């Protein structure tokens, strides 16, 4: 679908964009190979508790960043090799810019995943009196330092001629269908809220002593946390749909989507299994739409909307 058509998205155009991409990109051998690779890495993670049991055991040490780098690099390059091999497009990997771009974003993912300085920040602020609250808030806004700053420097140095900061250009007239996508997710979220593994992970923020410390309503501290929580998804969209799809599409074409999807699934390895599987389909759809529109704002709306609804559903189950 031509770009100027995609900029005026409605629901029909969204499904047409997905269908057009799927028809152009789909091959049984490629997609079955990717599906098998995904199955193996997901099975391995949940069998040995890789993310929570092994990688997180290095929390607070620089080696944790390296572990995350290895996880994302294996997921990304493994899936991309399958895509390139079956399509016989090895020439894409012979471009030095591909290696500069891919190693850079994988390093950012590793640093962001293993970063733990917010633990010390939380201990220092107000002498640790609101440690739990500060820890959760700093966790979600630390991407300002680990993601936004390095990506903006990279963009200013290499990429400003290609697009507007990896899809950050607002296209407000095209966002209404994404709001409808969020609404369509409500029945699934309601179903998930009755599952034990969902309720063991959500809501993402439990009540703390911050409201008593500041002398304000618990609702206010919760709303502030949720705003910070939402911001974390902005950085996620920037990395995965912004850089890995829009930023690398001039190097990998449609191949930028499928490799992003597998890497994005690896990002969810610490989540319930159902959420990891769901991230494959959600990541694919958002990746296709970012590829077509050259904008990540639709994905930001969907991501934040679903995340807030999941927290709300879990909270309602526990009151």
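In the numbering used here, the protein residues as written are 11 to 329.
Glycine included, C-beta positions come from ideal geometry on N, C-alpha and C.
Nothing here was measured: the structure is a model prediction, and the numbers come from that model.
DSSP three-state assignment for residue i, whether helix, strand or coil
i           : result
residue 282 : coil
residue 180 : coil
residue 318 : helix
residue 197 : helix
residue 55  : helix
residue 400 : Any question about residue 400 goes unanswered here, given that the chain covers just 11 to 329.
residue 35  : helix
residue 145 : helix
residue 185 : coil
residue 294 : helix
residue 211 : coil
residue 139 : coil
residue 61  : helix
residue 29  : helix
residue 44  : helix
residue 203 : coil
residue 24  : helix
residue 217 : coil
residue 152 : coil
residue 67  : helix
Assigned exposure category for residue i - 16 Cβ within 10 Å defines buried
i           : result
residue 177 : buried
residue 99  : exposed
residue 63  : exposed
residue 208 : buried
residue 205 : exposed
residue 299 : buried
residue 133 : exposed
residue 59  : exposed
residue 320 : buried
residue 105 : exposed
residue 310 : buried
residue 54  : exposed
residue 33  : exposed
residue 21  : exposed
residue 194 : exposed
residue 189 : exposed
residue 167 : exposed
residue 37  : exposed
residue 191 : buried
residue 307 : buried
residue 169 : buried
Anticipated Cβ contact below 8 Å, residue i with residue j, distance rounded
i           : j           : result
residue 324 : residue 212 : 4 Å
residue 10  : residue 44  : With the chain represented from 11 up to 329, any question about residue 10 goes unanswered, as that position is not in the structure.
residue 231 : residue 141 : Contact flag wrong, Cβ pair sits at about 14 Å.
residue 275 : residue 293 : 7 Å
residue 118 : residue 160 : 6 Å
residue 94  : residue 102 : 6 Å
Contacting residues, own chain, Cβ-Cβ under 7 Å from residue i (five flanking each side not counted)
i           : result
residue 69  : 126
residue 146 : 215, 235
residue 35  : 264
residue 246 : 313
residue 290 : 48, 271, 275
residue 179 : 305
residue 227 : 221
residue 129 : 70, 145
Sequence-distant residues of its chain with Cβ nearer than 8 Å to residue i (five each side left out)
i           : result
residue 92  : 40, 43, 44, 47
residue 301 : 31, 255, 256, 259, 264, 266, 267
residue 295 : 28
Residues near residue i in its chain [Cβ-Cβ closer than 6 Å; skip 5 each side]
i           : result
residue 165 : 175
residue 97  : none
residue 80  : none
residue 279 : 55, 61
residue 124 : 74, 75, 78
residue 269 : 86, 89, 90
residue 13  : In this prediction, residue 13 scores a pLDDT of 44, lower than 50, which makes its location untrustworthy; no coordinate-derived value is stated.
residue 156 : 121, 122, 125
Heavy atom of the ligand GDP within 7 Å of residue i beta-carbon
i           : result
residue 164 : The model depicted lacks the ligand GDP and carries no ligand whatsoever.
Uninterrupted beta strand (DSSP E) stretches inside the region 219-286 (no shorter than 3 residues): For the region 219-286, not a single whole beta strand (DSSP E) run of length 3 or above is found.
Whole beta strand (DSSP E) elements within the region 71-128, 3-residue minimum: Runs found: none.
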